[in-house]
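Visitor: What follows is a single structure, and I will ask about it in a moment.
In the numbering used here, the protein residues as written are 1 to 68.
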């Protein structure tokens with residue numbers, strides 16, 4: 001496991017969000033970035049949740065459907 005700077009970590013998460021919003025699977029994103037699928041899911045859902053909390057529910061059209 002490599003150690004990333006906070007900026008590098010932010011860039012990684014934003015890259016994962018971009019791929020997930022474009023329809024990539026958790027597995028494909030995880031393989032591309034060398035992380036666990038659970039990290040992709042948690043990180044990207046956290047970004048989505050914070051964006052909705054800050055901007056309102058109208059931004060959900062830009063995100064993926066949350067798995068039940």
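We treat Cβ as the ideally placed atom computed from N, Cα and C, and that holds for glycine.
1) Suppose the cutoff is 8 Å on Cβ atoms and the five residues either side in sequence are ignored; what does the same chain contact list for residue 23 look like?
2) I'd like to check one pair, residue 60 with residue 16: are the Cβ atoms closer than 8 Å?
3) Considering only C-alpha positions, which residue in the set 47, 53, 5 and 55 is nearest to residue 21?
4) Which residues bound the alpha helix (DSSP H) around residue 3?
5) Just to confirm my understanding: we take residue 12, look at its own chain, exclude 5 residues before and 5 after, and list those with CB closer than 7 Å. What are they?
Guide: In short:
1) In the chain shown, residue 23 corresponds to position 23, counting from 1. Apart from sequence neighbours up to five positions away, the residues of its chain that approach residue 23 with a beta-carbon distance below 8 Å are 64, ordered along the chain.
2) The residue you call residue 16 lines up with position 16 of the chain shown. The residue you call residue 60 lines up with position 60 of the chain shown. Their beta carbons are not under 8 Å apart, which means residue 16 does not touch residue 60 by this criterion.
3) Residue 21 sits at position 21 when you count from the first residue of the chain shown. Closest by alpha carbon: 47.
4) Residue mapping note: residue 3 aligns to position 3 of the chain shown, counting from 1. Segment: none, residue 3 is in no alpha helix (DSSP H) and carries neither H nor E.
5) Here the question's residue 12 lines up with position 12 in the chain shown. The answer, listed in chain order, is 4 and 33.
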